[in-house]
Amino acid sequence: MFLRFLYVEKREKERFNLESKKKIAIIGAGPGGLAAGMLLSQLGYQVNIYEKNDRIGGRTALHKMGKYSFDVGPSALTMTHILTSLFMDCNRNILDYVSLLPINPIHTLYFKDITFPLYSDHAETKAVIKTYFPGEEDGFERFMKENTKKMLYVSPLNQFNYSSLFDFFRPTTLRAIPSLTLGRSLMDDLARYFNSRNLRLAFSLQMRYLGMSPWDIPAAYSIIPFSEYYYGTFHPIGGQNKIVEAMQQVVTENKGKFFFNSEVTEFESDGKDITSAALANGKTIEADYYFTNLDFIYSLTNEQPSKLETKEYSSSAFIIYLGLKTILPFSHQSIIFPTNYREFANNTMHKKILSQDLSIHLTNPSATDNTMAPINHSSIRLMVPVPNNTSNIDWQKETPAFRKLILDTVKERLDVPDLEDYIEEEYIITPTDWEKKYHVKYGAIFGLQHLWRQHGFLHPSKKSPNFKNLFVIGAGAMSGSSLPFIIENAQIATQKFLQKEKKSE
Ligand SMILES: Cc1cc2nc3c(=O)[nH]c(=O)nc-3n(C[C@H](O)[C@H](O)[C@H](O)COP(=O)(O)OP(=O)(O)OC[C@H]3O[C@@H](n4cnc5c(N)ncnc54)[C@H](O)[C@@H]3O)c2cc1C
Numbered sequence: 001m002f003l004r005f006l007y008v009e010k011r012e013k014e015r016f017n018l019e020s021k022k023k024i025a026i027i028g029a030g031p032g033g034l035a036a037g038m039l040l041s042q043l044g045y046q047v048n049i050y051e052k053n054d055r056i057g058g059r060t061a062l063h064k065m066g067k068y069s070f071d072v073g074p075s076a077l078t079m080t081h082i083l084t085s086l087f088m089d090c091n092r093n094i095l096d097y098v099s100l101l102p103i104n105p106i107h108t109l110y111f112k113d114i115t116f117p118l119y120s121d122h123a124e125t126k127a128v129i130k131t132y133f134p135g136e137e138d139g140f141e142r143f144m145k146e147n148t149k150k151m152l153y154v155s156p157l158n159q160f161n162y163s164s165l166f167d168f169f170r171p172t173t174l175r176a177i178p179s180l181t182l183g184r185s186l187m188d189d190l191a192r193y194f195n196s197r198n199l200r201l202a203f204s205l206q207m208r209y210l211g212m213s214p215w216d217i218p219a220a221y222s223i224i225p226f227s228e229y230y231y232g233t234f235h236p237i238g239g240q241n242k243i244v245e246a247m248q249q250v251v252t253e254n255k256g257k258f259f260f261n262s263e264v265t266e267f268e269s270d271g272k273d274i275t276s277a278a279l280a281n282g283k284t285i286e287a288d289y290y291f292t293n294l295d296f297i298y299s300l301t302n303e304q305p306s307k308l309e310t311k312e313y314s315s316s317a318f319i320i321y322l323g324l325k326t327i328l329p330f331s332h333q334s335i336i337f338p339t340n341y342r343e344f345a346n347n348t349m350h351k352k353i354l355s356q357d358l359s360i361h362l363t364n365p366s367a368t369d370n371t372m373a374p375i376n377h378s379s380i381r382l383m384v385p386v387p388n389n390t391s392n393i394d395w396q397k398e399t400p401a402f403r404k405l406i407l408d409t410v411k412e413r414l415d416v417p418d419l420e421d422y423i424e425e426e427y428i429i430t431p432t433d434w435e436k437k438y439h440v441k442y443g444a445i446f447g448l449q450h451l452w453r454q455h456g457f458l459h460p461s462k463k464s465p466n467f468k469n470l471f472v473i474g475a476g477a478m479s480g481s482s483l484p485f486i487i488e489n490a491q492i493a494t495q496k497f498l499q500k501e502k503k504s505e
């Protein structure tokens, strides 16, 4: 749909020889900025991307330590058709840029009393459930069937910007309402399918990728675990960062330009339009349009900051990246569950304190891809959801003990030798780092909590100052912080931009 729209626009421009000489400044070279950069440069606009760091990618960047490669953020890509559509919009084939490998099993789950894998293949997952939880396999079938329908109604909602109340009264939205199972949390919803507490946790663990507790997030988000089983999960050879590298390549092929070490510190406006942007290096940039990929538009405009303080933010994460001179017998993704996950989630989200009994997400991409580390070595990542920076945790003080607790938990729960003995390279990111180095407000790496009261036109980005030539893209612009949603959001912003352009012609 979008593809057609884009090309009709482009053909019109070419027919009338109106290939645009207008300049577009994109602030931030994360996946959001890059996706918009691809589309806008494909349309023939002069695209300049300003990035504060010396490399692309933001939270989806590559982190290289010696001979080891790591993805800073994403560990799995799902709904690959959305990425494919972005490349098709730019008349490209994603497979010419990135080789995608299926992640299978999707993950292995370590509960205190039981360990089991779950696969993207339905029959295999059903067989696992039948073996470990006899009688529950029909619940899985029902979960998949009912969520297929839910997906059908709910996914078109992503096509709207929801910047006004009017969007809520569109026929598509009204039709989706019964599928949204309003008033119910994801955990309530899962109780309709599974009796086993472990299975409910297995089908809600994805909420950690949204920085939320499954007891808080609305039931509509069951489409996230569903997507993993329906569409499968993938790992690009070389890591998820290869996706942003491919995006950068398309922008460059389309003659878009990148300016690194170029932090934008302030926008100037005449009240209606942004007129220029100031860089930390003292330079000023001017463009016809500005697309901002930053965490929050307010960070640049200083508008209504107090309103942001009252919002509810996602969790943060404490991550240890380890280059090990050994290989580990783990699948691509393993999740260690504490005895009481609800208490862990409560500590993280509500009490804002650290737990002693941890839930750890261990990513071992070497299980799928032998380019991440040399032979007989591995690049692993240990990620623990922790409170965001609205807590009083002093990370400088807590880091050594928390690091030890994580390594001890892995040793005990996964029954492996002490990882300390194999470490060649190590890097840690704390919530303080997310805020200071990655400019993520409160270190809440998944943005605002995905709650109805912060959704759609109630999301602060929708209330950002209404400059006619400013567009907000990326995870800060919406609810839904994973790559597919970020790409869709860039497509929507580009559509909105084209509509404005058309009106002004
Ligand atoms: C630990 C972790 C795990 C994740 N796992 C997954 C996953 O498995 N699957 C998935 O789909 N998604 C996952 N995500 C989400 C995904 O990585 C992010 O949502 C995505 O990178 C956000 O893209 P973005 O472009 O909106 O922002 P960012 O990636 O944050 O990019 C913003 C860019 O703007 C730059 N910038 C900031 N301020 C300025 C300024 N003033 N001037 C110029 N440039 C500036 C930053 O340096 C950065 O490059 C994960 C994220 C994290 C952190």
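Numbered per full-length UniProt numbering, the sequence shown finishes at 505, counting up by one with no gaps. Think of the CB as a built atom: it goes at the ideal place given N, C-alpha and C, for glycine as much as any other residue. All figures in this text were calculated on a predicted structure; none of them were measured in a lab.
When LYS502, HIS235, THR80 are compared against PRO484, the one with the closest alpha-carbon: Closest by C-alpha distance to PRO484, out of LYS502, HIS235, THR80, is THR80.
Cα-Cα separation, ASN389 to GLY135: Taken atom to atom, the span from the alpha-carbon of ASN389 to that of GLY135 is near 43 Å.
ILE177 classed as buried or exposed, judged by whether at least 16 other C-beta atoms fall within 10 angstroms: Its Cβ having fewer than 16 others within 10 Å, ILE177 is exposed.
Span separating the alpha-carbon of LYS496 from that of HIS122: One C-alpha to the other measures close to 38 Å.
N- and C-terminal bounds of the beta strand (DSSP E) containing MET65: From DSSP, the beta strand (DSSP E) with MET65 extends over 62 to 65.
Cβ-heavy atom distance, THR60 to ligand 1, below 7 Å: Checking every heavy atom of ligand 1 against the Cβ of THR60, one is found closer than 7 Å.
LEU180 CB to nearest heavy atom of ligand 3 below 7 Å: Among the ligands in the structure shown, ligand 3 does not appear; only ligand 1 can be found there.
Runs of beta strand (DSSP E) wholly within the segment 29 to 92 (minimum 3 residues, chain order): Correct list: 46 to 50, 62 to 65, 68 to 71.
Counterpart residues of ALA127 in DSSP-defined beta bridges: Bridge partners of ALA127: none, in fact.
Anticipated Cβ contact below 8 Å, ALA475 with ILE492, distance rounded: That pair is no contact at about 14 Å.
Coarse secondary structure for THR390, derived from DSSP in three states: It is coil, neither helix nor strand.
Cβ-heavy atom distance, HIS439 to ligand 1, below 7 Å: In terms of side-chain proximity, the C-beta atom of HIS439 is found nearer than 7 Å to a non-hydrogen atom of ligand 1.
Contact set for ILE56: own chain, Cβ-Cβ below 6 Å, skip 5 residues either direction: Around ILE56: ALA29, VAL244, GLN248.
DSSP-derived helix/strand/coil call for GLY323: Strand.
Contained beta strand (DSSP E) runs [length at least 3] in the segment 246 to 289, N- to C-terminal order: You should have 257 to 259, 264 to 269, 274 to 279.
Residue burial classification, ASN198 (beta-carbon count within 10 angstroms, cutoff 16): Around the beta-carbon of ASN198, 16 or more other beta-carbon atoms lie within 10 Å, marking it buried.
Close-in-space but distant-in-sequence residues of the same chain around LEU201 (CB under 7 Å, 5 per side omitted): Same-chain partners within the cutoff: PHE337, TYR341.
Exposed unless 16 or more other CB atoms sit within 10 angstroms - verdict on GLN42: Under a 10 Å Cβ-count criterion, GLN42 is classified as buried, with 16 or more other Cβ atoms of the shown protein chains found around its own Cβ.
Outcome for ALA401 when other beta-carbon atoms lying within 10 angstroms are tallied against a minimum of 16: Per the 10 Å Cβ criterion, exposed.
Check: VAL128 C-beta below 7 Å from any heavy atom of ligand 1: Not so, every heavy atom of ligand 1 lies at least 7 Å from the Cβ.
Which of helix, strand or coil DSSP assigns to MET383: In the displayed model, MET383 falls within a strand according to three-state DSSP.
Local conformation of VAL154 per DSSP, three classes: Correct three-state label for VAL154: helix.
For GLN449, three-class secondary structure by DSSP: Residue state, collapsed to three classes: coil.
beta-carbon SER481 near ligand 1 non-hydrogen atom, thresh 7 Å: Within 7 Å of the C-beta of SER481 there is at least one heavy atom belonging to ligand 1.
Pair within 8 Å by beta-carbon distance, PHE259 and ILE26: At least 8 Å separates the beta-carbon of PHE259 from that of ILE26.
Whether ALA287 touches LYS502 by CB criterion (8 Å): Note that the C-beta distance between ALA287 and LYS502 is not below 8 Å.
Beta-carbon spacing of PHE226, ASN104 below 8 Å: The answer is no: Cβ separation not under 8 Å.
Candidates PHE194, TYR153, ASP188, SER196: closest to SER179 by CA position: Among PHE194, TYR153, ASP188, SER196, the Cα nearest to that of SER179 is on TYR153.
Cβ contact (3+ pairs, closer than 8 Å) linking the segment 403 to 411 and the segment 348 to 364: The segment 403 to 411, when compared against the segment 348 to 364, does touch it at the 8 Å Cβ threshold.
Sequence-distant residues of the same chain with beta carbon closer than 6 Å to ALA278, five excluded per side: Within the same chain, ALA278 has close Cβ partners THR265, GLU266, THR284.
C-beta contact flag for ILE274 and ASN469 at 8 Å: Their beta carbons are under 8 Å apart, which means ILE274 touches ASN469 by this criterion.
Integer Cβ distance of SER331 from PRO102, believed to fall under 8 Å: Actually they do not touch by this definition, with Cβ atoms about 12 Å apart.
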